[in-house]
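In the numbering used here, the protein residues as written are 3 to 159. A virtual CB, placed ideally from N, CA and C, is assigned to each residue, including glycine.
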Amino acid sequence: VISGYASISNKVIIEENARVDNYVKITGCVRVNGNALICDNATLEYDALVTDRSKISDNAVISGSARIEGNAQVSGRAEIFENAIIRGYSEISSNAVIYGDAIIEGHAAVFGNVEIYGDVNISGEARVTGNALILGNTVICDNTLVSGNVQICCVIL
3 VISGYASISN KVIIEENARV DNYVKITGCV RVNGNALICD NATLEYDALV
53 TDRSKISDNA VISGSARIEG NAQVSGRAEI FENAIIRGYS EISSNAVIYG
103 DAIIEGHAAV FGNVEIYGDV NISGEARVTG NALILGNTVI CDNTLVSGNV
153 QICCVIL
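Right under this line is the structure:
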């Protein structure tokens, strides 16, 4: 279903029960399927994939070859780029930016002015918030909380 002033161009594929609504912009070779919901000024571009029961909303941007799967939610001006994968019940919001080959999964949450670059894995019930900068080969898992003005590079937490 496509409605509400959505702008769709190029080789976009929207299939199954996916919904696109309310001033969404989708361009490139984007694929949206399953029961995914794209709404409220979200932007999808290039080769992005949004599937399953994922929700992209509130000015979020999904770009490059990023994949949003499962019941993941991306909102609040969050930006997901390159080869990043957001899956499971993960939530990304509030200006968070994720680049590279990052994987956010499980019930992990990333919010605030967080920036994540590179081969980072955040999983379990982990929370990353504040003005955190996460770089390189970093793993944050289980019930770990990363908060405030921290910089983390190449560690396992």
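Sequence-distant residues of its chain with Cβ nearer than 6 Å to residue i (five each side left out)
i: Glu71; result: Thr53, Asp54, Arg89
i: Gln153; result: Leu135
i: Tyr119; result: Tyr101, Gly102, Leu137
i: Asn37; result: Asn19, Arg55
i: Asn24; result: Gly6, Cys41, Asp42
i: Tyr48; result: Gly30, Ser65, Gly66
i: Asn139; result: Asp121, Cys156
i: Arg129; result: Ala111, Leu147
i: Asn97; result: Arg79, Asn115
i: Ala62; result: Ala44, Val76, Ser77, Ala80
i: Lys13; result: Cys31
i: Ala86; result: Ala68, Ile100, Ala104
Of the residues the options, the one placed nearest residue i, counting alpha carbons only
i: Val34; options: Arg129, Asn43, Ala50, His109; result: Ala50
i: Phe113; options: Gly126, Gln75, Ile40, Phe83; result: Gln75
i: Ile28; options: Ser9, Glu17, Arg21, Leu39; result: Ser9
i: Gly150; options: Glu17, Cys143, Glu84, Thr131; result: Thr131
i: Asp144; options: Asn115, Glu117, Val26, Glu107; result: Glu107
i: Ile15; options: Leu147, Ile58, Val32; result: Val32
i: Arg69; options: Ser59, Phe83, Ser77; result: Phe83
i: Gly126; options: Ser95, Asn133, Leu159, Val99; result: Leu159
i: Val22; options: Asn12, Lys13, Lys57; result: Lys57
i: Asn73; options: Asp60, Asn85, Ile94; result: Ile94
i: Tyr91; options: Asn133, Val26, His109; result: His109
Residue i - partner residues in DSSP beta bridges
i: Val148; result: Val130
i: Leu137; result: Cys155
i: Tyr111; result: Looking at the sequence itself, residue 111 is Ala, so the reference to Tyr does not match. In the DSSP output, where bridge partners are listed per residue, Ala111 has Glu93, Arg129.
i: Val116; result: Partner(s): none; Val116 has no beta bridge.
i: Ser5; result: Asp23
Residue range of the unbroken beta strand (DSSP E) whose run includes residue i
i: Asn123; result: 122 to 124
Nonlocal neighbours in the same chain, by C-beta distance under 7 Å from residue i, ignoring five residues either side
i: Asn123; result: Ile105, Val141
i: Glu17; result: Asn35
(message) For a minimum of 3 consecutive residues, which ranges assigned as the beta strand (DSSP E) are wholly contained in the segment 15 to 95?
(response) 21 to 23, 39 to 41, 93 to 95
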